[in-house]
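Step one of this worksheet: look at the structure below.
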Amino acid sequence: MIEILNPTLLARAKDSGALVADILQTLKSRSTVGTNLMDIDRWAKAMIIEAGAVSCYVDYAPSFGRGPFGHYICTAVNDAVLHGRPYDYPLANGDLLTLDLAVTKGGVAADAAISFIVGDARPPESVAMIETTERALAAGIAAAGPGARVGDLSHAIGTVLGKAGYPINTEFGGHGIGSTMHQDPHISNTGRPGRGYTLRPGLLLALEPWVMADTAQLVTDTDGWTLRSATGCRTAHSEHTIAITDNGAEILTVPTQAHP
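Its first residue numbered 1, the sequence shown is counted upward by one per residue in the UniProt record's numbering.
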């Protein structure tokens with residue numbers, strides 16, 4: 001299903017996007033050495049409920065998962081990259097943490113992810129990997145607009161990731177979003193320009209470049225959800241929800257508040 005949102009729903013999408021971005025930044029500021037992943041999940045739950053929103057994850061049960069996800073946010077540490085299920089783990093100095101959050105408010109969903117390093121350690125390879133996913137995300141957004149094709153976005157993202165030397169997995173990528181979290185079209189993190197669905201104003205997309213340092217192969221954790229690098233290498237993931245406008249693309253998952 002592909003949804004084209006009217007102006008009323010687009011306004012609600014902006015509210016959903018701002019909420020997701022603000023929650024993520026608040027959680028980033030609280031994620032210090034010793035913070036438990038289960039605390040992050042509890043904080044996310046409290047903020048979602050307080051805002052009158054609904055988690056897209058708690059009852060999420062796609063074919064690739066093992067039953068309902070059962071948590072309010074994805075917390076992926078180090079070699080985990082996607083669908084990281086929170087568990088009893090205190091963060092250590094230098095951990096590479098990815099927080100991925102999707103909520104629905106006013107009937108419209110928004111989805112975003114951030115990767116960052118916990119504490120005061122700054123491993124150069126991890127910093128470079130995070131920055132690469134952020135640059136790839138920016139390139140994908142810059143390629144988006146009315147008349148562009150999905151392949152144009154994939155090509156822009158893949159060019160940045162490939163030039164940086166990272167293998168690219170095409171099993172999971174970006175997606176359409178609207179009244180539900182995951183919709184068509186699928187947006188691979190690499191592709192051929194000029195191919196695929198033609199973007200139209202009112203379309204919402206979640207673009208999400210992610211990489212693993214030295215492999216394109218994923219393995220599923222024993223929890224049935226968390227996807228990790230097959231080699232145990234570190235990973236990074238950046239994501240924004242955007243709206244296609246008459247003149248280009250607008251990022252919806254931008255914080256409205258100042259965060260430390």
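Using N, Cα and C, we set each Cβ at its ideal position, and we do this for glycine too.
Out of the options, which one is the CA nearest neighbour of residue i?
i, options, result
"Gly174", "Pro7, Val219, Gly67 and Thr133", "Thr133"
"Val77", "Thr98, Pro62 and Phe69", "Thr98"
"Phe64", "Phe172, Thr26 and Thr235", "Phe172"
"Thr235", "Arg195, Gly178, Tyr89 and Asn169", "Asn169"
"Leu101", "Ala92, His83, Asp120 and Arg192", "His83"
"Thr231", "Asp223, Ile130, Leu9 and Val211", "Val211"
"Ile23", "Ser55, Leu10 and Val33", "Ser55"
"Lys45", "Gly178, Cys74 and Ala139", "Cys74"
"Arg135", "Asp223, Pro209, Glu250 and Asp41", "Pro209"
"Ile141", "Asn247, Leu91 and Asp120", "Asn247"
"Leu207", "Leu137, Thr245 and Arg200", "Leu137"
"Tyr87", "Pro255, Asp15 and Asp223", "Asp223"
"Glu131", "Ser179, Val160, Asp15 and Thr104", "Val160"
"Thr8", "Asp221, Thr241, Gly178 and Gln257", "Gly178"
"Pro201", "Gly145, Thr256, Asp120 and Ala21", "Gly145"
"Leu91", "Gly162, Ala61, Thr32 and Pro123", "Thr32"
"Gly165", "Leu199, Pro123 and Thr215", "Thr215"
"Asp120", "Phe69, Gly34 and Arg195", "Gly34"
Who are the Cβ neighbours of residue i in its own chain at under 6 angstroms, not counting the five residues just before and after it?
i, result
"Pro185", "Val150, Gly176 and Tyr197"
"Tyr89", "Leu37"
"residue 273", "Since the displayed the chain opens at 1 and closes at 260, residue 273 lies outside it and no answer follows."
According to DSSP, is residue i helix, strand or coil?
i, result
"Gly158", "helix"
"Trp225", "coil"
"Thr173", "At residue 173 the sequence reads Gly, which differs from the Thr that was named. It is coil, neither helix nor strand."
"Thr133", "helix"
"Arg149", "strand"
"Val211", "strand"
"Glu3", "coil"
"Ser126", "helix"
"Ala144", "coil"
"Ala164", "coil"
"Ala230", "coil"
"Ala138", "helix"
"Ser55", "strand"
"Val219", "strand"
"Pro90", "strand"
"Ala236", "strand"
"Ala243", "strand"
"Ala206", "strand"
Would the beta-carbon of residue i be found less than 6 angstroms away from any heavy atom of the ligand COA?
i, result
"Arg149", "In terms of ligand content, the structure shown is empty, and the ligand COA therefore cannot be addressed."
Less than 7 angstroms between C-beta atoms, sequence neighbours within five positions excluded: which residues of the same chain meet that for residue i?
i, result
"Ala13", "Leu5, Val108, Ala110, Leu204, Ala243 and Leu252"
"Gly158", "Ile168, Asn189, Thr190 and Gly191"
"Asp79", "Arg228, Ser229, Gly232, Cys233, Arg234 and Thr235"
"Met181", "Cys56, Ala102, Ala109 and Asp111"
"Thr256", "Ala18 and Asp22"
"Gly245", "The question names Gly, but residue 245 is Thr in the sequence shown. Same-chain partners within the cutoff: Pro201."
Along the chain, where does the alpha helix (DSSP H) containing residue i start, and where does it finish?
i, result
"Asp41", "Leu37 to Glu50"
"Ala18", "Pro7 to Arg30"
Quick check on the DSSP output: the beta strand (DSSP E) that includes residue i runs from which residue to which?
i, result
"Ile73", "Run containing Ile73: none; DSSP gives neither H nor E here."
"Pro185", "Gln183 to Ile187"
"Ala80", "Ala80 to Leu82"
"Leu96", "Leu96 to Lys105"
"Asp111", "Val108 to Ile117"
"Thr198", "Segment: none, Thr198 is in no beta strand (DSSP E) and carries neither H nor E."
"Glu250", "Ala249 to Ile251"
"Ala121", "Note, Ala121: premise wrong, no beta strand (DSSP E); not H, not E."
Roughly how far, in whole angstroms, is the beta-carbon of residue i from the beta-carbon of residue j, given that I think they are within contact range, below 8 angstroms?
i, j, result
"Val58", "Tyr72", "6 angstroms"
"Arg239", "Ala112", "Correcting the residue type first, residue 239 is Glu in the shown sequence and not Arg. Right, their Cβ atoms sit about 5 angstroms apart."
"Val118", "Gly94", "7 angstroms"
"Met1", "Gln183", "5 angstroms"
"Arg85", "Thr226", "5 angstroms"
"residue 301", "Ala11", "Past the boundaries of the shown model lies residue 301; the chain is included only from 1 to 260, so the question cannot be answered."
"Ile40", "Leu27", "6 angstroms"
"Leu153", "Ile187", "6 angstroms"
Excluding the 5 residues preceding and the 5 following residue i in the sequence, name in chain order all residues of the same chain whose CB lies nearer than 8 angstroms to its CB.
i, result
"His155", "Ala143, Thr190, Gly191, Arg192 and Pro193"
"Lys105", "Arg12, Asp15, Ser16, Leu19, Ala51, Gly52, Ala53 and Val54"
"Ala139", "Ala156, Ile157, Thr159 and Val160"
"Arg66", "Asp223, Gly224 and Trp225"
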